[in-house]
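Below is one structure, written out as structure tokens, with a few remarks after it.
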Amino acid sequence: MAISSLTRLATSTITSPPPFATALIISRYFTKRIIFTTATKEKNPPRSFKTMSSSLNSKVIAPYGSWKSPITADVVSGSSKRLGGTAVDPQGHLFWLESRPSESGRVVLVKEDGDEPIDITPPEFSVRTLAQEYGGGAFRIYGDTVIFSNYKDQRLYKQSTSSKGSCPVPITPDYGGPVISYADGVFDARFNRYITVMEDRRVSRTNSTTTIVAVPLDGNIQEPNVLVSGNDFYAFPRLDSKGERMAWIEWSHPNMPWDKSELWVGYISENGDIHNRVCVAGYDPKIVESPTEPKWSPTGELFFITDRKNGFWNLYKWVESKNEVLPLYPLNAEFARPLWIFGMNSYEFIKNEAGKTLIACTYRQNGKSYLGILDDVQGSFSLLDIPFTDIDNIASWNDYLYVEGASAVHPSSVAKVTLDGRKVVDFKICWSSSSDCLKYESYFSQPELIEFPTVVPGQNAYAYYYPPTNPLYQASQEEKPPLLLKSHGGPTAETRGILNLSIQYWTSRGWAFVDVNYGGSTGYGREFRERLLDRWGIVDVDDCCSCAKFLLENGKADKDRLCITGGSAGGYTTLAALAFRDTFKAGASLYGVADLNLLKAETHKFESHYLDKLVGDDKAFFDRSPINFVDKFSCPIILFQGLEDKVVPPDQARKIYKALKEKGLPVALVEYEGEQHGFRKAENIKFTIEQQMVFFARLIGRFNVADPITPIKVDNFD
Numbered sequence: 233m234a235i236s237s238l239t240r241l242a243t244s245t246i247t248s249p250p251p252f253a254t255a256l257i258i259s260r261y262f263t264k265r266i267i268f269t270t271a272t273k274e275k276n277p278p279r280s281f282k283t284m285s286s287s288l289n290s291k292v293i294a295p296y297g298s299w300k301s302p303i304t305a306d307v308v309s310g311s312s313k314r315l316g317g318t319a320v321d322p323q324g325h326l327f328w329l330e331s332r333p334s335e336s337g338r339v340v341l342v343k344e345d346g347d348e349p350i351d352i353t354p355p356e357f358s359v360r361t362l363a364q365e366y367g368g369g370a371f372r373i374y375g376d377t378v379i380f381s382n383y384k385d386q387r388l389y390k391q392s393t394s395s396k397g398s399c400p401v402p403i404t405p406d407y408g409g410p411v412i413s414y415a416d417g418v419f420d421a422r423f424n425r426y427i428t429v430m431e432d433r434r435v436s437r438t439n440s441t442t443t444i445v446a447v448p449l450d451g452n453i454q455e456p457n458v459l460v461s462g463n464d465f466y467a468f469p470r471l472d473s474k475g476e477r478m479a480w481i482e483w484s485h486p487n488m489p490w491d492k493s494e495l496w497v498g499y500i501s502e503n504g505d506i507h508n509r510v511c512v513a514g515y516d517p518k519i520v521e522s523p524t525e526p527k528w529s530p531t532g533e534l535f536f537i538t539d540r541k542n543g544f545w546n547l548y549k550w551v552e553s554k555n556e557v558l559p560l561y562p563l564n565a566e567f568a569r570p571l572w573i574f575g576m577n578s579y580e581f582i583k584n585e586a587g588k589t590l591i592a593c594t595y596r597q598n599g600k601s602y603l604g605i606l607d608d609v610q611g612s613f614s615l616l617d618i619p620f621t622d623i624d625n626i627a628s629w630n631d632y633l634y635v636e637g638a639s640a641v642h643p644s645s646v647a648k649v650t651l652d653g654r655k656v657v658d659f660k661i662c663w664s665s666s667s668d669c670l671k672y673e674s675y676f677s678q679p680e681l682i683e684f685p686t687v688v689p690g691q692n693a694y695a696y697y698y699p700p701t702n703p704l705y706q707a708s709q710e711e712k713p714p715l716l717l718k719s720h721g722g723p724t725a726e727t728r729g730i731l732n733l734s735i736q737y738w739t740s741r742g743w744a745f746v747d748v749n750y751g752g753s754t755g756y757g758r759e760f761r762e763r764l765l766d767r768w769g770i771v772d773v774d775d776c777c778s779c780a781k782f783l784l785e786n787g788k789a790d791k792d793r794l795c796i797t798g799g800s801a802g803g804y805t806t807l808a809a810l811a812f813r814d815t816f817k818a819g820a821s822l823y824g825v826a827d828l829n830l831l832k833a834e835t836h837k838f839e840s841h842y843l844d845k846l847v848g849d850d851k852a853f854f855d856r857s858p859i860n861f862v863d864k865f866s867c868p869i870i871l872f873q874g875l876e877d878k879v880v881p882p883d884q885a886r887k888i889y890k891a892l893k894e895k896g897l898p899v900a901l902v903e904y905e906g907e908q909h910g911f912r913k914a915e916n917i918k919f920t921i922e923q924q925m926v927f928f929a930r931l932i933g934r935f936n937v938a939d940p941i942t943p944i945k946v947d948n949f950d
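Take 233 as the starting number for the sequence shown in my numbering and just add one per residue.
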């Protein structure tokens, strides 16, 4: 659950927002304006505000929440490009996949070509797979060819990356609609084919069939040949350099891949079939582990990541002759992320100046990411000094690493890291989700990693706190800021302290913002992750409330203006906190869960048994569903929902909206046509953040927002 023409009706379906009129509630810059200056003679002309600010470092005194900021909703929506992966071809050209809100979320493969990157994907195509709904692994580069999944029909296409304007050619059958998806593929040069995970939804969307198949590349479109089948899920099919062995990950219900999975190796016969197979990890019932990211070294050794022994995802190597696995560098840190999407790449093989194979890898520890070089023979690890504090995937070519990362001052980016041995000699940003955001740097609020006590004695949880920050404004000393607490999605996921303009939108207007890693989050090992087992709706809610209480006790927020927001699983935590606790005064749920039983019945196959471990028995499903306890709600709520959402279907938002409206609470529902689980269109990203802001301001804020936002109607309020 990992993340229209507007009318003024709360139940309107949005297809395109109207011009933001300045009627209805017109926001002003501030309600009270005081400028401190030194005394001047009357004959001197008045100085401009800019001059006074720069010469005397004075600030406008204005209520929190009312500050004017250049980080507008347009800036936020325009900076919301998403990175969908990187790759490097044999000539060293960097490729990346980016989604573009300005093109209704279309996903484009881009090639670095001197100073001007070029789009490889033609305008009528979009590179995105719907496998397991969350996708990932939607393309693969081989030589001067790319194989990719096209969003509209979900077929695989083959295209040249060297010929400008080349036309993609389909290589899989047309099934009359997007009923079969492919992901996480690799080229098989030995048999001139493409090996990939295939999800078949022709019989049932909620009980699809997943296999590993081979797609011929000889130009003859035919049914893919099934190589591996029989389990519920597969990922990471990876061939050795000779095409003689294939490794893969598989798992079955009721497990999620981070609960328990298996790593297998299959031997490929002369006719291309898997004729023998061996389970490398995950088969021993005495060892609870979730192996992930298998990869063959240039010399034919199999490496992978698993969380056996210490409960942290660490690097291991398979000794084929003994069928045993060896740890490479044990550390209480996470070298991988939960397998929500296909195609993750947390480590790469590189060669040093002597031709020795080393491993470039990244790990995460205590809320920060690190990049380094691992010598598995010597068992040594050399850290690389780069500005990123958050790292996802890496790719390599010769002496370069291409690193997907971010920091408190870098938005989601791709950097070219030039190495000299085990030292960094150059760091250059190649791609940025918001290339011009540094012009707002003086408005940036720096995240502070906080550790706070939970309701369980001896157990702490974590969060990133962002104080209100604006170079031109300050509030009176007597006032405490409103606080917006965010509960991340997943819930098996992690929030990270990086530059996110949607957070800076709030803090630069005078809000305090806190992003919580409650018990059950990733990044802190299996024990922390499993705090949520059988206790979703309890631990996450308690931790969010404990975090808010911690900030109140430290004078960081106004107790009467505590708000909570979240999307997907975070939307569930939002609704549960508002139903079962009295900490927060208002909330915003984005495609959140109100009815756990309904979610279990309607959601897609990948997560159809997820709740079994998170919630528990039938009584727990009922007792922790906010929809069953509408009488316990007591504060305003605004809801946002995509009408094509297959993960959390629209009925969830509609049911809780109707119930709260009938109860008489202030409530609004915004529905978006053409949006799925998470909003991709710029106009909807903009509209969502603006309506949250003005909703909170009107209902509990005690201030007027500085932006000219026309609010939608709030039932039982307007």
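Ideal placement from N, C-alpha and C gives every residue a C-beta, glycine not left out.
Pull up the distance between the alpha-carbon of V937 and that of T920, whole angstroms please.
The count along the sequence shown starts at 1 and reaches residue 937 at position 705. The count along the sequence shown starts at 1 and reaches residue 920 at position 688. One C-alpha to the other measures close to 15 angstroms.
Under three-state DSSP, which class holds M488?
Mapped onto the sequence shown, residue 488 falls at position 256. Here M488 sits in coil by DSSP.
With a threshold of 8 angstroms, are at least 3 pairs of Cβ atoms found where one atom belongs to the segment 312–328 and the other to the segment 364–382?
yes
Confirm, please, whether the CB-CB distance from S821 to L871 is below 8 angstroms.
Within the sequence shown, numbered from 1, the residue matching residue 871 stands at position 639. Within the sequence shown, numbered from 1, the residue matching residue 821 stands at position 589. In this structure, S821 lies closer than 8 angstroms to L871 by Cβ.
Thinking C-beta only, is K845 closer than 8 angstroms to L765?
As a position in the sequence shown, residue 765 is number 533, starting the count at 1. As a position in the sequence shown, residue 845 is number 613, starting the count at 1. Yes, the Cβ-Cβ distance between L765 and K845 is below 8 angstroms.
If you draw a straight line from the alpha carbon of T681 to that of Y694, how long is it in whole angstroms?
Along the sequence shown, read from residue 1 onward, the residue named residue 681 stands at position 449. Along the sequence shown, read from residue 1 onward, the residue named residue 694 stands at position 462. The amino acid at residue 681 is misidentified as Thr; the sequence shows Leu. Rounded to whole angstroms, L681 to Y694 spans 7 angstroms at the Cα level.
Within a Cβ cutoff of 6 angstroms, which residues of the same chain sit near P868, ignoring the five residues on either side of it in sequence?
Sequence index remark: in the sequence shown, residue 868 carries index 636 (1-based). In the same chain as P868, and ignoring 5 residues on each side of it, the C-beta atoms closer than 6 angstroms to its own belong to A818, P898, L931, in chain order.
Going by DSSP in three states, V771 sits in which element: helix, strand or coil?
Within the sequence shown, residue 771 is the residue found at index 539, counting from 1. It is helical.
Express the C-alpha separation of V926 and M233 in angstroms, rounding to a whole number.
Mapped onto the sequence shown, residue 233 falls at position 1. Mapped onto the sequence shown, residue 926 falls at position 694. Computed Cα separation, rounded: 27 angstroms.
Does the segment 581–597 come into contact with the segment 606–618, if we say contact requires no fewer than three beta-carbon pairs (one atom in each stretch) closer than 8 angstroms?
yes
Rounded to a whole number of angstroms, what is the C-alpha to C-alpha distance between Y634 and T727?
One-based indexing of the sequence shown puts residue 634 at position 402. One-based indexing of the sequence shown puts residue 727 at position 495. Going from the Cα of Y634 to the Cα of T727 covers about 23 angstroms.
Ends of the alpha helix (DSSP H) at M576?
Within the sequence shown, the letter at position 344 stands for residue 576. No alpha helix (DSSP H) holds M576; DSSP gives it neither H nor E.
Just mark P355 as buried or exposed, buried being the case when its beta carbon has 16 or more other beta carbons within 10 Å.
Counting from 1 along the sequence shown, the entry for residue 355 is found at position 123. Classification of P355: exposed, given that the 10 Å Cβ count is below 16.
Suppose contacts are defined by Cβ-Cβ distances below 8 angstroms. Is L534 in contact with W545 by that definition?
Along the sequence shown, one-based indexing puts residue 534 at 302. Along the sequence shown, one-based indexing puts residue 545 at 313. Not closer than 8 angstroms, so no.
Taking a contact to mean a Cβ-Cβ separation below 8 angstroms, would you say W299 touches N702 in this structure?
Mapped onto the sequence shown, residue 299 falls at position 67. Mapped onto the sequence shown, residue 702 falls at position 470. Yes; because the gap between Cβ atoms is below 8 angstroms, this pair is in contact.
Check T283 in the structure and name its three-state DSSP category.
The count along the sequence shown starts at 1 and reaches residue 283 at position 51. Low confidence applies here, because T283 scores a pLDDT of 32, under 50, leaving its location unreliable; read the following figure in that light. Helix, per DSSP.
Give me the Cα-Cα distance between T805 and E711, rounded to the nearest whole angstrom.
The sequence position of residue 805 within the sequence shown is 573, counting from 1. The sequence position of residue 711 within the sequence shown is 479, counting from 1. Those two C-alpha atoms are separated by around 28 angstroms.
Going by C-alpha distance, which of V458, P448, S358, N577 is nearest D416?
The residue you call residue 416 lines up with position 184 of the sequence shown. Closest option to D416, Cα to Cα, is N577.
Give me the residue from Y515, A885, Q908, P526 with the minimum Cα distance to K878.
Along the sequence shown, one-based indexing puts residue 878 at 646. The shortest Cα separation from K878 among Y515, A885, Q908, P526 belongs to Q908.
Would you kindly work out how many angstroms separate the C-alpha atoms of F911 and I917, rounded to a whole number?
As a first step, residue 911 is located in the sequence shown; it is residue number 679 there, counting from the start. As a first step, residue 917 is located in the sequence shown; it is residue number 685 there, counting from the start. Approximately 6 angstroms between the Cα atoms of the pair.
Considering only residues of the segment 809–840, which uninterrupted alpha helix (DSSP H) runs meet the minimum length of 4 residues and lie entirely inside it, listed in chain order?
828–834
To the nearest angstrom, report how far apart T797 and A811 are at their CA atoms.
Working through the sequence shown from its first residue, we reach residue 797 at position 565. Working through the sequence shown from its first residue, we reach residue 811 at position 579. Going from the Cα of T797 to the Cα of A811 covers about 14 angstroms.
Just to confirm before moving on: does the CB-CB distance between P410 and L362 stay below 8 angstroms?
Counting from 1 along the sequence shown, the entry for residue 410 is found at position 178. Counting from 1 along the sequence shown, the entry for residue 362 is found at position 130. Yes, the pair counts as a contact, with Cβ atoms nearer than the cut-off.
Per DSSP, I352 forms a beta bridge with which residues?
Counted from its first residue, the sequence shown places residue 352 at position 120. Its beta-bridge partners do not exist; DSSP assigns none.
Taking 8 angstroms as the cut-off, decide whether the C-beta atoms of Q454 and I412 are in contact.
Working through the sequence shown from its first residue, we reach residue 454 at position 222. Working through the sequence shown from its first residue, we reach residue 412 at position 180. In this structure, I412 does not lie closer than 8 angstroms to Q454 by Cβ.
Going by C-alpha to C-alpha distance, which of A744, A467, D347 sits closest to K788?
On the sequence shown, position 556 is the one that residue 788 refers to. Selection A744, A467, D347 evaluated against K788 yields A744 as nearest (Cα-Cα).
A640 and T621 look like a contact to me (Cβ under 8 angstroms); what is the Cβ gap, rounded to whole Å?
One-based indexing of the sequence shown puts residue 640 at position 408. One-based indexing of the sequence shown puts residue 621 at position 389. Sure, about 7 angstroms apart at Cβ, within 8 angstroms.
First and last residue of the beta strand (DSSP E) that includes L341?
Translated into positions along the sequence shown, residue 341 becomes position 109. Looking at the DSSP string, the run of the beta strand (DSSP E) that includes L341 is 338–343.
Is it buried or exposed for N598, if we count other Cβ within 10 angstroms and need 16 for buried?
Here residue 598 is taken as the residue at index 366 of the sequence shown, counted from 1. Per the 10 Å Cβ criterion, exposed.
Tell me which residue opens and which closes the beta strand (DSSP E) that A891 is part of.
Walking along the sequence shown from the start, residue 891 turns up at place 659. Here A891 belongs to no beta strand (DSSP E); instead the alpha helix (DSSP H) covers 883–895.
Terminal residues of the continuous beta strand (DSSP E) containing F853?
As a working mapping, residue 853 is identified with position 621 in the sequence shown. Not the beta strand (DSSP E): F853 falls in the alpha helix (DSSP H), residues 850–855.
Are the beta-carbon atoms belonging to Y973 and V746 less than 8 angstroms from one another?
Absent from the structure is residue 973, since the part of the chain shown begins at 233 and ends at 950.
Which of the three DSSP states is assigned to S645 in this structure?
Looking up residue 645 in the sequence shown gives position 413. Note: S645 maps to strand in three-state DSSP.
Suppose you measure from the CA of A446 to the CA of G498; what does that come to, to the nearest Å?
By one-based count along the sequence shown, residue 446 stands at place 214. By one-based count along the sequence shown, residue 498 stands at place 266. Using only the alpha carbons, I get a separation of about 14 angstroms.
Using a Cβ-Cβ cutoff of less than 7 angstroms, which residues in the same chain neighbour D617 once the five nearest sequence positions on both sides are dropped?
Within the sequence shown, residue 617 is the residue found at index 385, counting from 1. So the qualifying residues of the chain are V656.
Excluding the five sequence neighbours on either side, which residues of its own chain have a C-beta within less than 6 angstroms of the C-beta of G317, listed in chain order?
Taking the sequence shown and counting its residues from 1, one reaches residue 317 at position 85. Excluding residues within five positions, the ones whose Cβ falls inside 6 angstroms are L329, G575.
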